[in-house]
Structure formats: C-alpha cells, structure tokens
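S.K.: The opening residue of the sequence shown carries number -2 in this note's numbering; numbering runs sequentially from there. Built from N, CA and C at the ideal position, the CB exists for glycine as well. Have a look at this one before I ask anything.
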Amino acid sequence: MLLSEQAYKKIDREIAKFPEDQRQSAVMAALAIAQDEHGWLSPELMQEVGDYLRMPAIAVQEVATFYAMYVLKPIGRHKVTICSNLPCALSGGERAAQHLKDRLGIDYRETTADGEFTLMEGECMGACGDAPVMLVNNKRMCSWMSNEKIDALLEELKK
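Printed below as a string of structure tokens:
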C-alpha cells in the first residue's frame, strides 16, 4: 500500500459524503489527498486510489489528466502557479512571472536544481481584481504580487 492509514481515513471522510453506491464521487478529493502525501500522482498511486474507490484506474487517470491541480510527474516541493490570463497579464502578471523566472533561474514547467520550486503558468484563478495572482501548492492564493512580495514569499517557502 502506497497511502498511509491517515490518508485512508481522510479519503473515508470524503467517501462518507456520498451514497454508498457513489463512492467514486470522492475521486477528486482522494487524488488531492494522495498528491498531498506523495507530491505527485504516479500510475501506481492512481491505481491504488481506483481500487479503493472501486473504479477503473483509467477513470481515475482521466480525472487526474483533466484538472490542472493534479501533477503526474515529480515536481519541486513548492509548485508556484502564476495566472497568465489577460487581466493578470495586463496588471503586472508578466512582470511578476519574469521576476520569478529571474529569481528562480527557471522557466515555466521547470524545477529548480535544488528541487524546491516548480514554476507553472495557470489559467484564470477568479481573482482578476487582485492581479497579479499566484497559487502556491494548489492551496494558497497570493494577491497583488509585487517584486517585494514575491521575494518575501520565496524566502518564507524556503524555510
């Protein structure tokens, strides 16, 4: 088993939100739990999630490949996604992205040599008025990201 007992308890809480014959409805939450524990979703991990939810591994993979929050290969400890849609781009997003690229020494879809950061380009995050917007590890939204705020965030994440 690849997942810990604690991960299975979390998945069980998600399954309990649905009728017994609909346990596959917890697939998105189960994938998030598995990814939180392992950092990414290997084929074996998706198979384990599928087996537990009583659904084919290919159906789990279809979900994992459709949504941008799931990672299907190893990445850095911190995934930083910057919104590149037009409102963010026009409101400092391109500047923020260039600052991140310069500070980290990587481009989009690359990981720093020390394995700390992966930089991703993202679609609208629903906070256009807060541009430029970044999402850290799929969970933390960062708004109005000046170069100073970006530098402070990178230092905080390194700790």
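Is it true that the CB of A27 sits closer than 7 Å to the CB of I55?
M.R.: For I55 and A27, no; Cβs fall outside 7 Å.
S.K.: Report yes or no: do the region 41 to 56 and the region 82 to 89 share at least 3 C-beta pairs separated by less than 8 Å?
M.R.: Touching, no, given that fewer than three Cβ pairs across the two stretches are closer than 8 Å.
S.K.: Using the beta-carbon count (16 or more within 10 Å), is M131 buried or exposed?
M.R.: That one is buried.
S.K.: Using alpha carbons as the reference points, say which of L97, K136, Y64 lies closest to E145.
M.R.: The residue with the shortest Cα to Cα distance from E145 is L97.
S.K.: Would you kindly work out how many angstroms separate the C-alpha atoms of Y67 and E153, rounded to a whole number?
M.R.: C-alpha separation (whole angstroms): 24 Å.
S.K.: For Y64, count neighbouring C-beta atoms within 10 Å of its own C-beta (all shown protein chains included) and say buried if the count is 16 or more, exposed if not.
M.R.: Looking at its Cβ environment, which holds fewer than 16 other Cβ atoms inside 10 Å, Y64 is exposed.
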